[in-house]
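J.: Here it is: the structure, laid out below.
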Amino acid sequence: MTSQSCPPADEPDTEVAVITGGASGFGLALAEQCARRGMRVALLDIDVDRARAEAEILSARHGIAVTAVDMDASSAASVDAAAATVADRYGRADLVVSNVGVQLFGAVERLTDQEWQWVLDVNVIGSARTARAFLPLLRSAPNGRLAFTTSSSVLDPAGRLGLYQAGKFAVWGLAETLRLELADQITVSVIFPSGMASRHLESSAAVQPAELRRPIGEPADFEAMAASNPGMVRAPVSPEQAAVDIVDEVLAGTRYIITHGDLDAAVRERSALLQDAAQRALSRTSTAESTRH
Ligand SMILES: NC(=O)c1ccc[n+]([C@@H]2O[C@H](COP(=O)([O-])OP(=O)(O)OC[C@H]3O[C@@H](n4cnc5c(N)ncnc54)[C@H](O)[C@@H]3O)[C@@H](O)[C@H]2O)c1
Numbered sequence: 584m585t586s587q588s589c590p591p592a593d594e595p596d597t598e599v600a601v602i603t604g605g606a607s608g609f610g611l612a613l614a615e616q617c618a619r620r621g622m623r624v625a626l627l628d629i630d631v632d633r634a635r636a637e638a639e640i641l642s643a644r645h646g647i648a649v650t651a652v653d654m655d656a657s658s659a660a661s662v663d664a665a666a667a668t669v670a671d672r673y674g675r676a677d678l679v680v681s682n683v684g685v686q687l688f689g690a691v692e693r694l695t696d697q698e699w700q701w702v703l704d705v706n707v708i709g710s711a712r713t714a715r716a717f718l719p720l721l722r723s724a725p726n727g728r729l730a731f732t733t734s735s736s737v738l739d740p741a742g743r744l745g746l747y748q749a750g751k752f753a754v755w756g757l758a759e760t761l762r763l764e765l766a767d768q769i770t771v772s773v774i775f776p777s778g779m780a781s782r783h784l785e786s787s788a789a790v791q792p793a794e795l796r797r798p799i800g801e802p803a804d805f806e807a808m809a810a811s812n813p814g815m816v817r818a819p820v821s822p823e824q825a826a827v828d829i830v831d832e833v834l835a836g837t838r839y840i841i842t843h844g845d846l847d848a849a850v851r852e853r854s855a856l857l858q859d860a861a862q863r864a865l866s867r868t869s870t871a872e873s874t875r876h
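Written out as C-alpha cells, the structure reads:
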C-alpha cells in the first residue's frame with residue numbers, strides 16, 4: 584500500500600505534510616513546496632502508481648522522506664487506512680491539505696442524480712472524511728494546520744459548472760464549520776485556485792464510474808462557460824506557479840488564500856451586495872421593533 588522512496592526517516596521533530604490528490608497538478612506542486620521547506624511528505628492519491636513515481640522524484644530532489652499512499656476519497660475505509668499508514672510511517676501529521684476534486688460539466692437541468700452523487704461524494708464527503716480521519720493526528724501536532732482546496736469559481740462562478748461549484752461551496756462551508764469547531768487547536772484555511780493547466784479533466788475521466796461514462800466537458804459546455812464568465816478561461820497558470828507562497832500562507836494559518844488571477848471586482852461586487860442585503864435586513868428588523876413598541 585505504501586511506497587517509500589528513501590529509508591525511514593528518524594526525524595521526529597521534522598514536520599509532516601499530507602496532501603490528498605498529491606500525485607498530480609496543484610497537490611503535487613504543494614507537496615514540492617513542503618519538501619523544499621524540509622517537511623516530510625505523504626502523497627495520497629487514487630493513482631498510486633503516479634504518486635509513487637512522483638514520491639521518488641521529490642525525495643531524490645530534496646533529500647527528504649516522501650511516501651505514496653493509495654487512497655480513494657470516496658471510501659471512508661480507504662481514507663481511514665491512509666491516515667493509519669501516515670501514522671505508522673511518520674507518527675504525526677502537522678499539515679493536511681484536502682485537495683482531491685473531480686470535475687463534471689453540464690447545465691443544471693441536464694445533470695442526473697447519479698452524477699450529483701458521484702461528484703459530491705468525492706469532492707464534499709471526501710473532504711469531510713479526510714478531516715475526520717486526520718484530526719486525531721492534527722490534534723497531537725504542536726501546530727496543526729488543515730486546508731481545503733476549493734476554487735475561485737465559488738467567488739466568480741460560471742455557467743455549466745453548477746455541480747462542481749455547488750460542491751466547492753459545500754467544501755467552503757465545511758471549512759468554515761471546522762474553523763469554529765477546532766478554534767484554538769488547529770487552523771483551517773480555504774484555498775481558492777483560479778485556472779490552472781493541469782490534468783484535471785483527464786484525471787476526472789479516469790475515476791468516472793463506468794455507468795456514468797460521458798465526456799467530462801463537451802465543446803458546447805466550454806463555450807457556454809466562457810460566454811457566462813470570460814475571466815474563467817483567461818490565462819491559466821501552471822500548478823507550480825499557482826502553488827508559490829501558498830504553503831507559507833497555510834502555515835501562517837491564513838483563513839482565505841486566493842492563489843492567482845483577478846478576483847478583485849467579483850469579490851467586491853458580492854461583498855457590496857451582501858452588505859446591502861444585511862443593511863436592508865437591519866432596517867426591516869428596526870422597523871419591526873419600533874412597530875412593536
Ligand atoms: N485545474 C484547475 O483549473 C483548478 C482550478 C481551481 C481548483 N482546482 C482544484 O484543484 C484540485 C487539484 O486539481 P488539479 O487541477 O491539480 O487536478 P489533477 O488532475 O492534476 O490532480 C487531481 C488528483 O486527484 C486525484 N484523484 C481524483 N479522484 C480521486 C479520489 N477519488 N481519491 C483520491 N485521489 C483522487 C487524481 O488522481 C489526481 O492525481 C481539485 O480540487 C480541483 O477541483 C483546479
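When we follow the working numbering, the leftmost residue of the sequence shown carries the number 584, and every step to the right adds one. No residue lacks a Cβ here, since even glycine has one placed at the ideal position from N, Cα and C. Remember, it's a predicted structure, so these values are computed and weren't measured experimentally.
1. What first and last residue would you give for the beta strand (DSSP E) that runs through T842?
2. Using a Cβ-Cβ cut-off of 7 Å (strictly less than) and excluding sequence neighbours within five positions of C589, which residues of its own chain qualify?
3. So, with DSSP's three-state summary, where would you put T585?
4. Any chance you could list the alpha helix (DSSP H) runs of at least 4 consecutive residues sitting entirely within the region 776–852, in chain order?
5. In whole angstroms, give me the CA-to-CA distance for A810 and R623.
6. Using only CA atoms, which one of G844, S873, I602 and L729 lies nearest to S735?
7. Could you round the C-beta distance between S781 and G608 to whole angstroms and report it? I think they count as a contact, below 8 Å.
8. Do you know offhand how far L669's Cα is from I840's?
9. Pull up the CB-CB distance for R838 and S787, whole angstroms please, since I reckon it's below 8 Å.
10. Would you grab the beta carbon distance between D677 and R728 for me? Rounded to a whole angstrom, and I think it's under 8 Å.
11. Taking the alpha carbon of D632 as the reference point, which residue from D653, A618, L720 and A614 has its own alpha carbon closest?
12. Count the other C-beta atoms from every protein chain shown that fall within 10 angstroms of the C-beta of P822, then say buried if there are 16 or more, exposed otherwise.
13. Using the C-alpha atoms, what's the distance from V737 back to E806?
14. According to the Cβ coordinates, are F731 and S681 closer than 8 Å?
15. Under 8 Å by Cβ, that's how I've got L626 and E639 pegged, so tell me the actual separation to the nearest angstrom.
16. Out of E832, G709, E692 and G778, which has the shortest C-alpha to C-alpha gap to L846?
17. Could you say which of E598, K751, A656 and I602 lies nearest to A826 if we only look at CA atoms?
18. Residue range of the alpha helix (DSSP H) that R619 falls in?
19. The beta strand (DSSP E) spanning I602 covers which residue range?
20. Can you find a heavy atom of ligand 1 that lies under 7 Å from the Cβ of F609?
21. Give a single yes or no on whether N682 has its beta carbon closer than 7 Å to a heavy atom of ligand 2.
22. Threshold first: 4 residues or longer. Then list the alpha helix (DSSP H) segments lying entirely within the region 687–739, N to C.
23. With a 10 Å radius around its C-beta and 16 neighbouring C-beta atoms as the bar for buried, classify V691 as buried or exposed.
24. Please determine, among R675, V754, Q858 and R797, the residue with the shortest C-alpha to C-alpha distance to E785.
25. Taking all protein chains shown into account, decide if R722 is buried (16 or more other Cβ within 10 angstroms of its Cβ) or exposed.
26. Got a sec? Which residues, its chain only, sit under 8 Å from S869 by beta carbon, not counting five neighbours each side?
27. Sorted by chain position, which residues of the same chain lie with C-beta nearer than 6 Å to L703's C-beta, five sequence neighbours on each side aside?
28. For D593, which three-state DSSP category applies?
29. Return the chain-ordered list of same chain residues with a C-beta closer than 6 Å to the C-beta of F688, the five sequence neighbours on each side being excluded.
30. Looking only at its own chain, which residues have a Cβ that is under 6 Å from the Cβ of A600, when we skip the five neighbours before and after it?
T.: So, from the listed chains and residues:
1. T842 -> no beta strand (DSSP E), and no H or E assigned at all.
2. Low confidence applies to C589: its pLDDT is 42, below 50, so where it sits in the model is not reliable, and the reading given next is rough at best. So the list reads S642 and A648, once near-sequence residues are dropped.
3. At T585, the pLDDT of 42 sits below 50, so the modelled position is not reliable and the matter cannot be decided from this model.
4. 783–790, 802–811, 822–826 and 829–834
5. 43 Å
6. G844
7. 3 Å
8. Correcting the residue identity first, residue 669 is Val in this sequence and not Leu. Going by the C-alpha atoms only, they are around 26 Å apart.
9. Not confirmed; about 28 Å, so no contact.
10. 6 Å
11. D653
12. buried
13. 19 Å
14. yes
15. Not really, about 11 Å apart at Cβ, beyond 8 Å.
16. G778
17. I602
18. G608 to R619
19. V599 to T603
20. yes
21. Among the ligands present in this structure, namely ligand 1, ligand 2 is not found.
22. 696–703 and 709–723
23. exposed
24. R797
25. exposed
26. none
27. G750
28. Note that D593 has pLDDT 45, beneath the 50 cutoff, so the model's placement of it is unreliable and the number below is only indicative. It is coil, neither helix nor strand.
29. R743, G800 and D804
30. C617, M622, V624 and L678
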